[in-house]
Structures are given as C-alpha cells and as structure tokens.
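Let me begin by presenting the structure, written as structure tokens, before commenting on it.
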Amino acid sequence: MIILMKQVPDAEEIFIDPVKFTLNRSQARGIINPSDENALEAALKIKDSEGGEITVISMGPPQAENAILECMGRGADRGILITDRVFAAADTYATSLTIAAAVKKVGDFDIIFAGESTTDSGTGHVGPGVAEFLGIDQVTYTVSSRIEAGMLIAERELEDGIEVVSTKPPVLVTVLINANLPRRSRLRLKIDAIKKGVEKWDHDSLNLPPEWVGIKGSPTLVGALKIPEERKRESRPIKLDEIPVLVQDLVKKGIIRTGDEA
Ligand SMILES: Cc1cc2nc3c(=O)[nH]c(=O)nc-3n(C[C@H](O)[C@H](O)[C@H](O)COP(=O)(O)OP(=O)(O)OC[C@H]3O[C@@H](n4cnc5c(N)ncnc54)[C@H](O)[C@@H]3O)c2cc1C
C-alpha cells in the first residue's frame, strides 16, 4: 500500500497579518495533514489484518521528513520524500503528475490511500489526479475499507447515505477525516524509523521533463485575490398583514418558490 501524505502548517498556529491581510505561516509547526492521518490508519488496519507493507510518499520541502518519520513511527515501513527546488510552486496538476511518477518508480502496489483534502490548499484534486495519471480506479469520500477475497470493499459517505463499493486493486482510495481514530506512534517504531531513514528523491530520480513539473508545469494562474465585502444582515419588525406581500416579493425575485411551482 502507498500513502500520499502532505505536511501542512498547523492551522492553530497560522495567523492573519493585520496589515497585509495575508496568512502568516512562518510561526506554524508542520504537521501531517489531518485526513492523511486517517488515510494512514485505513492502511494500517488492512496491514494489521492482511499483512503487507506501507510506503509513505510526500512531496514537499526537506522539513516534511519529520512528518514521514511520524508515519513510520505509527507503522509505515518505508518513507519517500520528493524534494527539489524545481518542484516548488507546483499547482495540483503538476503535483499529481510528479507524485504519479514516484508511484510508478516504487513499482507494484495494490492500494494508494490519500486524504480527501488538505487543510492549507484544500482542493481535493491530488488523489483523483494521481489516479488519472496512473490510469487506475478511484474510490473517493471513504469512511471504511477492507479486503474480501482479493477485492477492496469500501464505504463512501454521500450526502444522502452510504454507498458500498467493491473494486479490484490496483485502486486509489481517498479517506474522509471522520473515517477512523488515528493511532499514536510507538517509541520502538520511531527509533526504527530514524535508523532506517527517509529516502530523498530529487528531479533526476524521477526523470521527468523540467517543463512538466513545478511552476513551469503548472497551468493554474491566480488572477487576483480579493476579500469579499462583508454583507450586513438587517432586520425590522413586521406586522402579520405584511407577510403575504413580502412572500410575493420573494417569489417575484426568485428567492423562494410556491408549492404549485415545485
Ligand atoms: C498557481 C499555484 C501556485 C502554488 N504555489 C505553491 C507554492 O509555491 N507552495 C506551496 O506550498 N503550494 C503552492 N500551491 C498549492 C499547491 O498546488 C498545493 O498545495 C498542492 O498542489 C496540493 O494541493 P492541495 O493542498 O489542494 O491538496 P488536495 O488535493 O486537497 O490533497 C488531497 C490529498 O492528496 C495528497 N497530497 C496532496 N498534496 C500532496 C503532496 N505534496 N505530497 C503528497 N501527497 C499529497 C494528500 O493525501 C492529500 O490529503 C500553489 C497552487 C497554485 C494553484
């Protein structure tokens, strides 16, 4: 199994610059992206029952090594950090493409687990993007997964209920933050992790054209950023006989519909 894990700044330690209105992350500690902890736990549960090995892949700056070691301290067997200046400023397309190339280099796998989305950029693109670049099935929004007779059985939490999906690996699964209770790391496993170390893969290791990665490989352009105007709620007391007129007005403006139209 492979876990995709991003190190993110601890949201509680990010503050808003009172002058520039930008997010200041400089004081923030790096932590495992919360739903990636659930992704790891989902894989560890399968490892507990079925055996197997878990490799953690993360793309990020050198400090992300600590988050990988934490995953190994919880039971992952191998850690790979994709890190190189040319990967910097990648959008979700270039991030997915680079991670998919690393997965190919790892070789055979059955299941890739990713978090549903991150707490810093939160697009939810990367899991599905990696699956598309690898040309494998994907099961998103999962709250549980298990193996039965060689098939992955996963429960997806949808707006109107739970959908149970059965698919044959290789498959990519994205895991929701409420899926499980992530375990803590164990001292012995952490010591083993530090002895084993984290593999660092740079741009040369992945052999991708430089124009496909980092900022050069990122088609997304941020045109402008603006803070939306705060809309103030207003209220005034109304008389009972005003209600039909006000309702008519809301119907006219298309804000509400009457039972006949529904
Ligand atoms: C134009 C542009 C410029 C950007 N420049 C920068 C920049 O300079 N620096 C910067 O930090 N960000 C930058 N970003 C944000 C960056 O693209 C995203 O942080 C990154 O692509 C991951 O997307 P996300 O956080 O939305 O992940 P999501 O799609 O929400 O993540 C879903 C899951 O995918 C996996 N995943 C996501 N990212 C990684 C990763 N890096 N390694 C392993 N697994 C992962 C995790 O399992 C995660 O839970 C930029 C974005 C844009 C659009």
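The working numbering applies: residue 7 is where the sequence shown begins, and numbers increase by one.
Built from N, CA and C at the ideal position, the CB exists for glycine as well.
Computed from a prediction, not measured in an experiment: that's the story for all the values here.
Residue closest to Lys196, alpha-carbon to alpha-carbon, out of Arg84, Pro176, Ile9: For this step, residue 196 is matched to residue 190 along the sequence shown. Comparing Cα-Cα distances from Lys196 to each of Arg84, Pro176, Ile9, the minimum goes to Arg84.
Host alpha helix (DSSP H) of Met78 (start-end): Translated into positions along the sequence shown, residue 78 becomes position 72. That run of the alpha helix (DSSP H) goes 71-80.
Rounded C-alpha distance that separates Pro40 from Ala120: The residue you call residue 40 lines up with position 34 of the sequence shown. The residue you call residue 120 lines up with position 114 of the sequence shown. C-alpha separation (whole angstroms): 11 Å.
For Gly36, the three-state DSSP class (helix, strand or coil): The sequence position of residue 36 within the sequence shown is 30, counting from 1. Correct three-state label for Gly36: strand.
CA-to-CA distance, Lys51 to Gln144, given in whole angstroms: In the sequence shown, counting from the first residue as 1, residue 144 sits at position 138. In the sequence shown, counting from the first residue as 1, residue 51 sits at position 45. Distance between the alpha carbons of Gln144 and Lys51: 19 Å.
Reference Ile88, options Phe21, Ala199, Ala108, closest by Cα: Counting from one through the sequence shown, the residue named residue 88 turns up at place 82. With distances taken between CA atoms, Ile88 lies nearest to Ala108 out of Phe21, Ala199, Ala108.
Asn30 - DSSP class collapsed to helix/strand/coil: Position 24 of the sequence shown, counted from the first residue, corresponds to residue 30. Asn30 falls in the strand class under three-state DSSP.
Close-in-space but distant-in-sequence residues of the same chain around Ala185 (CB under 7 Å, 5 per side omitted): Within the sequence shown, the letter at position 179 stands for residue 185. Taking C-beta separations shorter than 7 Å and ignoring five residues to either side along the sequence, the partners of Ala185 in its chain run Asn44, Ala48, Thr148, Val149, Ser150, following chain order.
Close beta carbons around His209, own chain, < 8 Å, minus the five adjacent residues each side: Translated into the one-based positions of the sequence shown, residue 209 becomes position 203. The beta carbon of His209 is closer than 8 Å to those of Asp90, Val92, Phe93, Pro216, Val219 in its chain, skipping five residues each way along the sequence.
Gly203 - partner residues in DSSP beta bridges: Your numbering for residue 203 matches position 197 in the sequence shown. For Gly203, which the question treats as bridged, DSSP gives no partner whatsoever.
Ile105 CB to nearest heavy atom of ligand 1 below 7 Å: Taking the first residue of the sequence shown as position 1, residue 105 is located at position 99. Placement of the Cβ of Ile105 at a distance of less than 7 Å from at least one heavy atom of ligand 1 is found.
Expected contact under 8 Å - CB spacing of Ile86 and Glu163 to nearest Å: Along the sequence shown, read from residue 1 onward, the residue named residue 86 stands at position 80. Along the sequence shown, read from residue 1 onward, the residue named residue 163 stands at position 157. About 30 Å; that fails the 8 Å criterion.
Cβ distance (whole Å) where Pro188 is taken to contact Leu46 below 8 Å: For this step, residue 188 is matched to residue 182 along the sequence shown. For this step, residue 46 is matched to residue 40 along the sequence shown. Pro188 to Leu46, Cβ: 7 Å. Contact.
CB contact flag (Thr98, Gly135, <8 Å): For the purposes of this step, residue 98 is taken as the residue at position 92 of the sequence shown. For the purposes of this step, residue 135 is taken as the residue at position 129 of the sequence shown. Against a cut-off of 8 Å, the Cβ pair of Gly135 and Thr98 comes out as a contact.
Proximity of Ile142 and Met7 at Cβ, strictly below 8 Å: Against the sequence shown, residue 142 aligns to sequence position 136. Against the sequence shown, residue 7 aligns to sequence position 1. For Ile142 and Met7, no; Cβs fall outside 8 Å.
For Ser64, the three-state DSSP class (helix, strand or coil): Within the sequence shown, numbered from 1, the residue matching residue 64 stands at position 58. Strand.
Whether Ile262 touches Leu252 by CB criterion (8 Å): Numbered from 1 along the sequence shown, position 256 holds the residue referred to as residue 262. Numbered from 1 along the sequence shown, position 246 holds the residue referred to as residue 252. Cβ distance not < 8 Å, so Ile262 and Leu252 don't count as in contact.
Cβ-heavy atom distance, Ala17 to ligand 1, below 7 Å: Position 11 of the sequence shown, counted from the start, is the residue given in the question as residue 17. Flag unset: Cβ of Ala17 not near ligand 1.
Exposure of Thr146, with buried meaning 16 or more beta-carbon neighbours within 10 Å: Position 140 of the sequence shown, counted from the start, is the residue given in the question as residue 146. By the neighbour-count criterion, in which a residue is buried when 16 or more other Cβ atoms sit within 10 angstroms of its Cβ, Thr146 is buried.
Euclidean distance between Cα positions of Leu183 and Lys12: Translated into positions along the sequence shown, residue 183 becomes position 177. Translated into positions along the sequence shown, residue 12 becomes position 6. One detail in the question is off: residue 183 reads as Ile in this sequence, not Leu. Whole-angstrom Cα-Cα distance: 14 Å.
C-alpha gap between Thr125 and Ala34, whole angstroms: Numbered from its first residue, the sequence shown carries residue 125 at position 119. Numbered from its first residue, the sequence shown carries residue 34 at position 28. Here the C-alpha atom of Thr125 lies approximately 13 Å from the C-alpha atom of Ala34.
Anticipated Cβ contact below 8 Å, Ala96 with Ser224, distance rounded: Reading the sequence shown from its first residue, position 90 is the one you call residue 96. Reading the sequence shown from its first residue, position 218 is the one you call residue 224. Right, their Cβ atoms sit about 6 Å apart.
Range of the contiguous alpha helix (DSSP H) that encloses Glu19: Position 13 of the sequence shown holds residue 19. No alpha helix (DSSP H) contains Glu19, which DSSP labels as neither H nor E.
Counted within 10 angstroms of its Cβ, other Cβ atoms place Ser241 as buried (16 or more) or exposed: As a position in the sequence shown, residue 241 is number 235, starting the count at 1. Under a 10 Å Cβ-count criterion, Ser241 is classified as exposed, with fewer than 16 other Cβ atoms of the shown protein chains found around its own Cβ.
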